[in-house]
Amino acid sequence: MKRKKNKKEIYKEEKQAIKLDESFREELYSIGLIFSGLFLSFSLTTKSMGKIGEFIRVIFLGFFSNVSIVFPYIIICIGVINLFQFEKLKKFIKYKLSNLFIFIVMLLYGISNHDFIPQDSPFLPQNLRIIFRMGVEGKGSGIFSTIIAYYFIKLFGIVGSYILSIFLTIILVIFGFNISLKDMCKNTIDFILRIFIDMKKLILDLIMVEEKDKKTKRLKKNTEKMEYKSHEHIENNEIKIVDFNNNLYEESKETNQEKLQLENTDEKHMNIAISNCDDNYLDYLIPSIDLLNKPNILGDQKDKKQILKNAKLLEKTLRDFGVEVSINQVTKGPTITRYEVQPKSGVKVSRIVSLTDDIALSLAAKSIRIEAPIPGKSAIGIEVPNEEIQLVTLREVIESKEFAESKSKLSFAIGKDISGTPIVSDISKMPHLLIAGATGSGKSVCVNTLITSILYKSKPDEVKFLMIDPKVVELGNYNGIPHLLIPVVTDPKKAASALSWAVNEMERRYKLFAENSVRDIYGYNEKSHEKLPSIVIIIDELADLMMVSANEVEDAICRLAQMARAAGMHLIVATQRPSVDVITGVIKANIPSRIAFSVSSQTDSRTILDMGGAEKLLGKGDMLFYPIGAAKPIRLQGAFVSEREVEDIVKYIKEQVCNQTFYKEDLLQNISKNISIETTSEDDLIDEAIQFIISSQQASTSMLQRKFRIGYNRAARLMDEMESRGIVGPNEGSKPRKVLINKEQYTAATSDK
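At position 640 of the sequence shown (counting the first as 1) the number is 640 in full-length UniProt numbering, and the numbers step up by one without a gap.
Below is the structure:
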């Protein structure tokens, strides 16, 4: 038996059926509207719709004239919106657009055809017939538009009617699209400004490509205009904004001449088809500048408002703490923006410095650095990080006037200062350089930039490199270039021998100078036919060397740092662990020029620079450069050279010498000989240590230290010697080493010998 349905179930079914009927009727209604709109559209535009179409055309044109063409599209839109249930547009189309929009269109069309409006009342029968006939012919504005325009013109006049139409249009847009007039004006102005900025960038790009010869003059004019426009007033204090991008493409005549010479170089040389691959380097060419990446230009318009806003906020913050100051100039650099603050009379500098954290909080900055005072200015520099860091490419600095005018073969590009000025230094004047910073701060990139810059300045017979890379992966790309004395040294034991050779080479050169009665390498090269090349010794990770052979490395570095300048030998020492056991007082005293990248603490900063500041750097090439003789460190954004660029430059150089190597064989043999002597020489304690390890059947370096009261280095060498003899196993981290033989086996082995 079937179960009888209760009243509730019957009511639900009836309600569902009604809903289906309503949705079906709604779809039919929507489809009917769409086809009605199509029929009306064809009736108004063609005469092929039969008598009904002709009748509709005459009626619509007579009453609405050419405005009637709007109706089909509105009807079709309403049908589509109903069919696909666009709820948000439904209400708007039906009530607002269909009424107010049509009214405004009819009013405007009627006013524009006011010449066809009769002087007396349009309601007179003869006037209605004339208006209807003219509407059908497409000359007038139809009966409805004529009547609306007649009364509006009579009440407000023609101009007043146009103004009222514009007002009604604005009302339609505001209520129809739910947007305020203020937002609409703001969006319109922003859109126009964006167009002008894009046009300006496009014009500048075209000028750069098509008019290279006139570029310098035009940039000077643009710079003057930008400086004139950049003057703003904040509470009667004139603030000058200096943007580093203004100097981005300034090039000297010498640089342009070098480029022309490079472009006009014989194709055989550019293709490196050199037939005579010897070591006199007469046909050697420095690498092409095209091997380096071009810089990217970023617009500065959006930053200008933010800079002025920060300047005003900075003044207000200091005023809230009772410090009266005025901001005279703002300098925008690649990494930071410096606000030059001039305190009022009676304000102590220490009061502003003590408000560092409060200023950072007010400006919502990651960290700020205060330079008090700026060297050469009666102002305090407050350095605030930019929202976006502008990459400084090596090509920018190498193409600069400063690099082109530097005559030294040991000139190298460092980066750009806050004002965008390229900074180029000379190793021969330093004469040694210490580079330190945490991992990822830009230390290795700086070393690569230094090497690459020298490769762009010197031939292989003018400058030689001795590279020591205990980390193995950083400097290996340079293997094979003719500038290298020997392949990149990666073994810490060999590194100590290489430094020992450098000391001997320095002493040999001083003997040559004494024999020829000269004081330095420059006097010797002028007097002697045999030219001595400058030697740049690069140690990429000092900490690794100090762990293995601290005494030998420290002694060699100190000897070289004290005496090697006149011999044309220069040290570049880099480390990522700026602690006093790595950068000892003796090393630091003999290396006066320093570069500090971002470090974790003020203690590390003091170890490098003898002052704080490096702990507030931002990383990614942000540095403090402290050359010999400078009163204070200079903040720079380091030049960036990618690994791909280095590979291309090395490939270019190696192809010029047909991939041959010109290593110093006597130096290689000397290092190998020293290593073999070290490995074959036995410690006096080796036999006792072996007996102790075998008897205890435990092996660790700390056990040897405690038992024989020796240092870690000596105990580690003893353990390595026993491992090489097969007495103990390899290191297993924190676990003790395994003892591989017992006392009987060792006794048998020694008795056989």
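A virtual CB, placed ideally from N, CA and C, is assigned to each residue, including glycine.
Rounded to whole angstroms, the Cβ separation of Ile-368 and Ile-359 is 6 Å, and the two are in contact under 8 Å. The criterion of a C-beta distance shorter than 9 Å is satisfied by Ala-574 and Leu-542. With respect to the 9 Å criterion, Ile-454 and Ile-423 are not classified as neighbours on the basis of their beta carbons.
Taking C-beta atoms under 8 Å as the contact rule, Ala-556 and Val-503 qualify, at a distance of about 5 Å. When the five nearest sequence neighbours on each side are left out, the beta carbons in the same chain lying within less than 7 Å of the beta carbon of Phe-692 are those of Lys-707, in order along the chain. Leu-609 and Met-623 do not touch by the CB rule: their CB atoms are close to 11 Å apart, not below 8 Å.
The region 510-525 makes no contact with the region 466-484; the number of CB pairs closer than 8 Å stays below 3. In this structure Leu-363 touches Val-384 by the C-beta definition: roughly 6 Å separates them, less than 8 Å. Residue nearest to Gly-612 within the set Leu-618, Glu-340, Lys-620 and Gln-602 is Gln-602 (criterion: CA-CA distance). Nearest to Asn-310 by alpha-carbon distance, out of Val-330, Leu-532 and Ile-143, is Val-330. The DSSP-derived three-state label of Thr-393 is strand.
Taking a cut-off of 8 Å for Cβ pairs, the region 335-350 and the region 314-325 touch, as three or more such pairs fall below it. In terms of CA proximity to Val-397, Thr-449 leads the group Thr-449, Met-199, Arg-509 and Thr-607.
By the criterion of at least three beta-carbon pairs nearer than 8 Å, the region 142-149 is not in contact with the region 71-78. Going by DSSP, Phe-412 is part of the beta strand (DSSP E) stretching over 411-417. In this chain, the beta strand (DSSP E) harbouring Leu-636 covers 634-638. Asn-296 sits exposed, since fewer than 16 C-beta atoms from the chains shown fall within 10 Å of its C-beta. Of Ala-495, Lys-620, Pro-633 and Gly-733, the smallest CA-CA separation from Val-641 is found for Lys-620.
Collapsing the DSSP output to three states places Asn-386 in coil. In this structure, the CA atom of Ala-689 is about 7 Å from the CA atom of Leu-704. Leaving aside the five residues that flank Lys-366 on each side, the residues in its chain whose CB is nearer than 6 Å to its CB run, in chain order, Pro-385. For Gly-568, the three-state secondary structure derived from DSSP is coil.
Ranking Phe-42, Leu-718 and Lys-616 by CA distance to the CA of Glu-371 puts Lys-616 first. Partner residues in the beta bridge of Ser-425, as assigned by DSSP, are Phe-412. The residue from Glu-137, Ile-727, Leu-285 and Lys-332 with its alpha-carbon nearest to that of Glu-387 is Lys-332. Ile-374 sits in coil when the DSSP states are folded into three classes, being neither helix nor strand. With a minimum length of 3 residues, the unbroken runs of beta strand (DSSP E) contained wholly in the region 591-664 fall at 593-596, 622-626 and 634-638.
The C-alpha of Lys-304 is placed about 13 Å away from the C-alpha of Lys-312. A residue is called buried when at least 16 other Cβ atoms come within 10 angstroms of its Cβ; Ile-481 meets this threshold and is buried. If the five residues before and after Ser-593 are omitted, its C-beta is found closer than 6 Å to the C-beta atoms of Met-430, Leu-433, Pro-627 and Ile-628, all from its own chain and listed in chain order. For Pro-460, the secondary structure class from DSSP, reduced to helix, strand or coil, is coil.
Only buried fits Phe-625, as 16 or more other CB atoms lie within 10 angstroms of its CB. Taking the Cβ atoms as the reference, Val-553 lies roughly 6 Å from Ala-496, within the contact range of under 8 Å.
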